Amino acid sequence: MRETGTRPHPVRGLVTLLGVALLGGTAMVAVNTPQLALQSVPLGMETGEGSADVEMRFERADRLAPGAEVRFGGRLVGRVRSVGTDGTEAVIGVRLEGDSGVPAGVFAEIRLPTALGSPFIALTPPEAPSTGALLEDTGVVPRAHTGVGPDLESSLASLGLLLNGSGIAQLASVMEELTVALDGRGEEIGRIRERGDRALELYEANRDEIDRTVLALDRVNASLAGRRELIDRGMRVSADLVSEVAASRETITALMDTTTALTVQVEQFTSATDGRLTPSLRTLTVLLEDLEGFGDEVAPTLDALQRFVTNFDVAVRGDHMMFDGALDLPGSLDALGTGGEVRAGRPLPPGATGPPDAQPPVGGAP
Numbered sequence: 022m023r024e025t026g027t028r029p030h031p032v033r034g035l036v037t038l039l040g041v042a043l044l045g046g047t048a049m050v051a052v053n054t055p056q057l058a059l060q061s062v063p064l065g066m067e068t069g070e071g072s073a074d075v076e077m078r079f080e081r082a083d084r085l086a087p088g089a090e091v092r093f094g095g096r097l098v099g100r101v102r103s104v105g106t107d108g109t110e111a112v113i114g115v116r117l118e119g120d121s122g123v124p125a126g127v128f129a130e131i132r133l134p135t136a137l138g139s140p141f142i143a144l145t146p147p148e149a150p151s152t153g154a155l156l157e158d159t160g161v162v163p164r165a166h167t168g169v170g171p172d173l174e175s176s177l178a179s180l181g182l183l184l185n186g187s188g189i190a191q192l193a194s195v196m197e198e199l200t201v202a203l204d205g206r207g208e209e210i211g212r213i214r215e216r217g218d219r220a221l222e223l224y225e226a227n228r229d230e231i232d233r234t235v236l237a238l239d240r241v242n243a244s245l246a247g248r249r250e251l252i253d254r255g256m257r258v259s260a261d262l263v264s265e266v267a268a269s270r271e272t273i274t275a276l277m278d279t280t281t282a283l284t285v286q287v288e289q290f291t292s293a294t295d296g297r298l299t300p301s302l303r304t305l306t307v308l309l310e311d312l313e314g315f316g317d318e319v320a321p322t323l324d325a326l327q328r329f330v331t332n333f334d335v336a337v338r339g340d341h342m343m344f345d346g347a348l349d350l351p352g353s354l355d356a357l358g359t360g361g362e363v364r365a366g367r368p369l370p371p372g373a374t375g376p377p378d379a380q381p382p383v384g385g386a387p
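Numbering (this note's numbering), first residue to last: 22 to 387.
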C-alpha cells in the first residue's frame, strides 16, 4: 500500500495572505480616520447660493451633532454646521439655505422626535409682529430665545425605573431613615422651627437696612474692582515697607526699649514731685495773672513818659539846658533815698538825710 503526503494547496495560502492584508488595511483605516462617522457624511442637502451662517446659543445641546436638521414650520431650512461651547453655554453654528425666509426674533428649541430619533432644531416664529428683518441679517439667536425640549429617552428611563419598583423601594428606604432620625426629636424640631420663624421675622423687620447694606457692599466691591491697579501698587509698596521694617527690626526694638525706659523715668519723676510741683504751678499761675494786669498799667505810663520827653525836648531849645529823658531807675532811687551821695561815692553822716548841699561835710562842722 502506498502512502501519499499532503501538501498545502497554493490557493489556500493565497487566500490566507489576502485576508491578513485586508484585516491590516481595515485596522489602518480605522486608526487613521477617527473622524469618520455617520454625522460627517454629507446628507444630500445643498444650501445653494445666498446661504447664511447663524450662531445659536443654548443652555445645553445633548446628543445634537453636526448635520442635524433645522426646521421652520415643518420645512427644512438648514443644517447644523458645528457644535461647541464657550465654557458656559453651548454654541451651535447653523447654515441656512438661501432665501429661507426665516424672520429675526425666532425661538429655537432642540427637540427629539422619537425615543430613538436624532435631535433637530425647531424654529418657532416670534409672537410679536414681524418687522421684515430676517435671521440671516442678525446672524445670532441669543440665549434668551433658545430652549431644550423634553428628552423622551430620559423620561422613559425614569418611568421604567419607577414601574420596576426601584424608585418606590428607594423612597421607602429614605422615609425609614427619616423616621429613625427624627424619632423623639419633636421638641428640638419645634424649637428649630421657632428660631427659623423669628429669624425670618427679624429679616422682614430689617429688610430695608439689609438691602441697603448689601447695596453698599456691592458699591464697595465695584469701587475696589475699579481701583484694582492702585491697590496692587499699594500692596507692592507695602511689601517693600514690610521688608524695610523687618531689616530694621533690631533698631526698632532698641528704640522701643529706650522709649519704655524714658516713660518709666518720667513717671517716677512725676510721682516724686507731684506734691511740690502742684503748689509751684499754682504760684506761677497767680504771678502770671499779676504780670498780665501790670502790663496793662505800665503801657499807658510809658506812653505818657514818651510824650513828655518829646514835648519837653521841643519846648526847651538852646545851650542853657538839655533834659535827658532816659529813665535811670538806679539813679532815681539814689536821688530819692540818699540825695545822690551813693552815686557820688560819699557816705552820708550818721543820722543825716536830705540833699548833699544841705548836709555838713564828712568829719563834722567846718
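Idealized CB from N, CA, C, for every residue including glycine. From a predicted model like this one, the values you see are computed outputs, not experimental measurements.
Spatial distance of Asp239 from Pro163 (CA atoms): What you label residue 239 is simply residue 218 of the sequence shown in a count that begins at 1. What you label residue 163 is simply residue 142 of the sequence shown in a count that begins at 1. Here the alpha carbon of Asp239 sits roughly 28 Å from the alpha carbon of Pro163.
Straight-line gap, Val98 to Asp158 (C-alpha atoms, nearest Å): Translated into the one-based positions of the sequence shown, residue 98 becomes position 77. Translated into the one-based positions of the sequence shown, residue 158 becomes position 137. Taking the straight line joining both Cα atoms gives about 15 Å.
Alpha-carbon spacing of Glu110 relative to His166, whole angstroms: Against the sequence shown, residue 110 aligns to sequence position 89. Against the sequence shown, residue 166 aligns to sequence position 145. C-alpha of Glu110 to C-alpha of His166: approximately 13 Å in a straight line.
Spatial distance of Phe290 from Glu271 (CA atoms): Numbered from 1 along the sequence shown, position 269 holds the residue referred to as residue 290. Numbered from 1 along the sequence shown, position 250 holds the residue referred to as residue 271. Computed Cα separation, rounded: 29 Å.
Length of the line joining the Cα atoms of Thr37 and Gly160: Here residue 37 is taken as the residue at index 16 of the sequence shown, counted from 1. Here residue 160 is taken as the residue at index 139 of the sequence shown, counted from 1. Across the structure, Thr37 and Gly160 are spaced so that their CA atoms are roughly 58 Å apart.
8 Å Cβ cutoff met for Val91 and Phe141: Here residue 91 refers to the residue found at position 70 when the sequence shown is read from its first residue. Here residue 141 refers to the residue found at position 120 when the sequence shown is read from its first residue. With respect to Phe141, Val91 sits close: the two C-beta atoms are nearer than 8 Å.
Straight-line Cα distance separating Ser244 from Gln56: Counting from 1 along the sequence shown, the entry for residue 56 is found at position 35. Counting from 1 along the sequence shown, the entry for residue 244 is found at position 223. Here Gln56 scores only 48 on pLDDT, less than 50, and its place in the model should not be relied on; the value that follows carries that caveat. Going by the C-alpha atoms only, they are around 50 Å apart.
Arg100 beta carbon less than 8 Å from that of Arg116: Within the sequence shown, the letter at position 95 stands for residue 116. Within the sequence shown, the letter at position 79 stands for residue 100. Going by C-beta atoms, Arg116 is nearer than 8 Å to Arg100.
Segment limits, beta strand (DSSP E) that includes Glu76: For the purposes of this step, residue 76 is taken as residue 55 along the sequence shown, with counting starting at 1. According to the DSSP assignment, Glu76 belongs to the beta strand (DSSP E) that extends over Ala73 to Phe79.
Within the segment 74–136, ranges of the alpha helix (DSSP H) (whole runs, at least 4 residues): Those alpha helix (DSSP H) runs which fall completely within the segment 74–136 and span 4+ residues do not exist here.
Inter-residue Cα distance where the pair is Thr294 and Val319: The residue you call residue 294 lines up with position 273 of the sequence shown. The residue you call residue 319 lines up with position 298 of the sequence shown. In this model, Thr294 and Val319 are separated by some 36 Å (Cα to Cα).
Proximity below 8 Å, CB of Ala149 to CB of Gly126: Within the sequence shown, the letter at position 128 stands for residue 149. Within the sequence shown, the letter at position 105 stands for residue 126. Yes; because the gap between Cβ atoms is below 8 Å, this pair is in contact.
Residue nearest to Phe93 in terms of C-alpha spacing, selected from Arg214, Phe128 and Glu250: Start at 1 with the first residue of the sequence shown, and residue 93 comes out as number 72. The candidate whose alpha carbon is nearest that of Phe93 is Phe128.
Presumed contact (8 Å Cβ cut-off) between Gly71 and Asp120, rounded CB distance: Position 50 of the sequence shown, counting from 1, holds the residue named residue 71. Position 99 of the sequence shown, counting from 1, holds the residue named residue 120. Indeed they touch by this definition, with Cβ atoms about 6 Å apart.
Buried versus exposed, by CB contacts within 10 Å (16 or more), Pro82: By 1-based counting over the sequence shown, the position of residue 82 is 61. According to the sequence provided, residue 82 is Ala. The question's Pro does not apply to it. It is buried - the Cβ of Ala82 has at least 16 other Cβ atoms within 10 Å.
Simplified DSSP assignment, three categories, for Ala293: Translated into the one-based positions of the sequence shown, residue 293 becomes position 272. If DSSP states are grouped into helix, strand and coil, Ala293 belongs with the helices.
Neighbour flag for Ala143 against chain C, beta carbons, 8 Å: Absence of chain C from the displayed structure is noted, only one protein chain being present.
Three-state class that DSSP yields for Ala220 in the structure shown: Walking along the sequence shown from the start, residue 220 turns up at place 199. Three-state result, Ala220: helix.
Per DSSP, the bridge partner or partners of Thr281: Within the sequence shown, the letter at position 260 stands for residue 281. None, per the DSSP bridge assignment.
Pairwise C-alpha distance: Asp232 and Leu155: As a first step, residue 155 must be located in the sequence shown, where it is residue number 134. As a first step, residue 232 must be located in the sequence shown, where it is residue number 211. Roughly 44 Å between the two C-alpha positions.
DSSP-derived helix/strand/coil call for Ala154: Residue 154 sits at position 133 when you count from the first residue of the sequence shown. The answer is coil: DSSP assigns Ala154 none of H, G, I, E or B.
Inter-residue Cα distance where the pair is Gln191 and Leu203: Position 170 of the sequence shown, counted from the start, is the residue given in the question as residue 191. Position 182 of the sequence shown, counted from the start, is the residue given in the question as residue 203. Leu203 has its alpha-carbon roughly 18 Å from the corresponding atom of Gln191.
Closest by C-alpha distance to Pro124, when choosing among Gly153, Ile131, Gly108 and Glu130: Here residue 124 refers to the residue found at position 103 when the sequence shown is read from its first residue. Ranking Gly153, Ile131, Gly108 and Glu130 by Cα distance to Pro124 puts Gly153 first.
Start-to-end residues for the alpha helix (DSSP H) that takes in Gly247: The residue given as residue 247 occupies position 226 in the sequence shown. For Gly247, the enclosing alpha helix (DSSP H) starts and ends at Arg228 to Gly247.
Buried versus exposed call for Ile113 [16 or more other C-beta atoms within 10 Å across all chains shown]: In the sequence shown, counting from the first residue as 1, residue 113 sits at position 92. Ile113 is buried by the Cβ-count criterion.
Endpoints, beta strand (DSSP E) assigned at Gly168: The residue labelled residue 168 in the question sits at position 147 within the sequence shown. For Gly168, the enclosing beta strand (DSSP E) stretches over residues Thr167 to Val169.
Phe141 - partner residues in DSSP beta bridges: Here residue 141 refers to the residue found at position 120 when the sequence shown is read from its first residue. Residue pairing for Phe141: DSSP places it in a beta bridge opposite Arg132.
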